[in-house]
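Student: Here the working numbering is used: the first residue of the sequence shown is 377, the next is one more, and so on. Each residue gets a CB set at the ideal place from its N, CA and C atoms; glycine is no exception. Bear in mind the structure is a predicted one, so any value in this text is a computation, not a measurement. Dumping the structure here so I can ask a few things about it.
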Amino acid sequence: MSDERQKSRRKTGLLLILIISLTLMIAAVILLVLLKKADTLSKGSETMHSPLPPDISVSESPDPSDPDGSDPSGVVPAETGEELPDNPIRFDELQSINPDAYAWLSVPMGREDWDISRPILQTSPGTNDDFYLHHNIERKYEYTGELYTEKWNGKDFTDPVTVIYGHNMYDDSTEMFSKLINFQDEDFFNEHEFFYIYTPGHILTYRIAAAIQFDNRHILNSFDFTDEAVFDNWIQNYILNPRTMIRRVREDVTVTTEDHIVILSTCLGRNMSKYRYLVQGVLISDEPTK
């Protein structure tokens with residue numbers, strides 16, 4: 377009888393050891409999964425907050441002054457018989473990271489840590505337009521997202537109005553479009569006139585015509601800019617003579633329905649769902665590149 381009790385205790389002990397071992401193994405697997413997930417999120421954040429590879433970054437913004445004395449108020453035509461300049465963006469490298477990246481925006485702000493220099497993305501067919509609202513260029517979740525356009529717009533910037541979206545991150549004022557808010561200051565607005573968009577084969581120069589507060593309407597859904605009367609109404613009431621208290625307008629700017637406008641759009645104010653801040657540039661130069 378004693379032997380049977382000892383055998384029973386031995387079996388119970390072995391069973392307890394087995395249960396404990398299995399529990400420890402399961403806990404180890406769960407811990408490993410959690411650590412891997414944390415590492416993935418960390419890498420995603422590093423990708424977003426670190427500069428992109430230097431061989432696809434903008435080395436220098438072009439000089440907007442017109443060296444040959446032609447009229448800077450109109451789009452500069454391509455010169456014939458001259459060697460084309462290099463494009464400072466390595467689009468082959470950029471699109472090897474993500475083919476949705478089709479252009480690059482550069483907004484010189486007078487300080488290196490303020491300058492906006494980021495790729496512009498647009499989702500592929502079948503993907504929601506706002507995917508890059510909270511995903512980075514590697515398509516990983518990142519709250520700060522990327523600069524992006526919607527499929528309302530083409531990718532050649534020949535639409536009457538193109539809208540580029542970017543976050544205003546109040547808790548990290550160096551991210552995305554946060555520094556656009558500086559255009560509310562009169563001196564800053566007067567001193568910073570241009571932004572640039574790079575596409576394969578082109579450097580597009582825009583002169584900032586106005587920076588204004590706007591409501592939360594979806595611009596491209598609310599205004600049919602292919603209708604010349606609608607486009608002219610936008611030019612008159614939201615660029616040349618905006619009806620808002622928060623506004624800066626460049627007095628000597630000329631904008632017509634023949635022009636191409638790019639709007640840089642971000643949130644304004646702590647109630648970010650109520651107002652937008654729009655920095656609006658008119659195309660003044662389309663320079664071909666290699």
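Is it true that the CB of M485 sits closer than 9 Å to the CB of E522?
Tutor: No, the pair does not count as a contact, with Cβ atoms beyond the cut-off.
Student: Could you tell me the boundaries of the alpha helix (DSSP H) in which D476 lies?
Tutor: Here D476 belongs to no alpha helix (DSSP H), and DSSP marks it neither H nor E.
Student: Go through its chain and collect everything with a Cβ distance to D635's Cβ below 6 Å, but skip five positions before and after it.
Tutor: The residues are V658.
Student: Tell me, please, whether the stretch 597 to 616 touches the stretch 561 to 580 by the rule of three or more beta-carbon pairs shorter than 8 Å.
Tutor: Segments in contact, no.
Student: Sort out for me which residues DSSP pairs Y653 with in a bridge.
Tutor: Answer by DSSP bridge pairing, in chain order: Q589, T642.
Student: Helix, strand or coil, according to DSSP, for L460 in the structure here?
Tutor: It is coil, neither helix nor strand.
Student: Pick out the complete alpha helix (DSSP H) segments inside the stretch 601 to 638, 4 residues or longer, and give them in chain order.
Tutor: Runs found: 604 to 610.
Student: What residue from F564, I595, H578, R487 has the CA that sits closest to N463's CA?
Tutor: Comparing Cα-Cα distances from N463 to each of F564, I595, H578, R487, the minimum goes to H578.
Student: The beta strand (DSSP E) that contains F571, what's its start and end?
Tutor: Unbroken beta strand (DSSP E) run through F571: 570 to 575.
Student: Distance check for N504 and K555, CA to CA, integer angstroms please.
Tutor: So the alpha carbons of these two residues sit roughly 27 Å apart.
Student: Quick one: measure Cβ to Cβ for Y653 and I584, integer angstroms, because I've assumed they're closer than 8 Å.
Tutor: That belief does not hold up - the Cβ atoms of Y653 and I584 are roughly 13 Å apart, past 8 Å.
Student: Anyone know if the C-beta pair for V638 and I595 falls short of 9 Å?
Tutor: It is not a contact, given that the beta carbons lie outside the stated cut-off.
Student: Taking just the CA atoms, how far does T620 sit from Y651?
Tutor: The alpha-carbon atoms of Y651 and T620 are separated by roughly 11 Å.
Student: Which two residues bound the contiguous alpha helix (DSSP H) that contains S598?
Tutor: Here the alpha helix (DSSP H) through S598 covers 595 to 598.
Student: Return the chain-ordered list of same chain residues with a C-beta closer than 6 Å to the C-beta of S641, the five sequence neighbours on each side being excluded.
Tutor: The residues are V539, Y541, R652, L654.
Student: Tell me I492's beta-bridge partners as DSSP assigns them.
Tutor: In DSSP, I492 forms a bridge with V483.
Student: When the distance is taken between beta carbons, is I611 closer than 9 Å to T581?
Tutor: Not in contact: T581 and I611 (Cβ atoms no closer than 9 Å).
Student: Could you tell me the distance, in whole angstroms, from the CA atom of R397 to the CA atom of W528?
Tutor: Checking the sequence, you will find Ser at residue 397 rather than Arg. The straight-line gap from Cα to Cα measures roughly 58 Å.
Student: Name the DSSP bridge partner or partners of R515?
Tutor: Its beta-bridge partners do not exist; DSSP assigns none.
Student: Helix, strand or coil for T503? Go by DSSP, reduced to three states.
Tutor: In the structure shown, T503 sits in coil (DSSP, three-state: anything other than H, G, I, E or B).
Student: Would you kindly work out how many angstroms separate the C-alpha atoms of P475 and T665, rounded to a whole number?
Tutor: Answer to the nearest angstrom: the Cα atoms are 20 Å apart.
Student: So, is R487 buried or exposed, given that buried needs 16 or more other C-beta atoms within 10 angstroms?
Tutor: By the 10 Å Cβ count, R487 comes out exposed.
Student: Return the Cβ separation of Y336 and Y508 in integer angstroms, given the expectation that the two are a contact with Cβ distance under 8 Å.
Tutor: In the structure as shown, the chain begins at 377 and stops at 666. Residue 336 is therefore absent and cannot be evaluated.
Student: Around the Cβ of P536, are there at least 16 other Cβ atoms within 10 angstroms (buried) or fewer (exposed)?
Tutor: It counts as buried.
Student: So, with DSSP's three-state summary, where would you put N529?
Tutor: In this structure, N529 counts as coil in the three-state DSSP scheme.
Student: Can you tell me the Cβ-Cβ gap for I465 and W480, rounded? I've got them flagged as a contact below 8 Å.
Tutor: Rounded, the Cβ-Cβ distance is 5 Å, consistent with contact.
Student: Within a Cβ cutoff of 6 Å, which residues of the same chain sit near I393, ignoring the five residues on either side of it in sequence?
Tutor: Once the five neighbours on either side are set aside, I393 has no close Cβ partner at all.
Student: Which of the three DSSP states is assigned to T520 in this structure?
Tutor: Of the three classes helix, strand and coil, the one that applies to T520 here is coil, per DSSP.
Student: Taking the alpha helix (DSSP H) that N566 belongs to, which residues open and close that run?
Tutor: Note, N566: alpha helix (DSSP H), 562 to 567.
Student: Quick check on P495: buried or exposed, where buried means 16 or more other Cβ atoms within 10 Å of its Cβ?
Tutor: Buried, by the Cβ-count rule.
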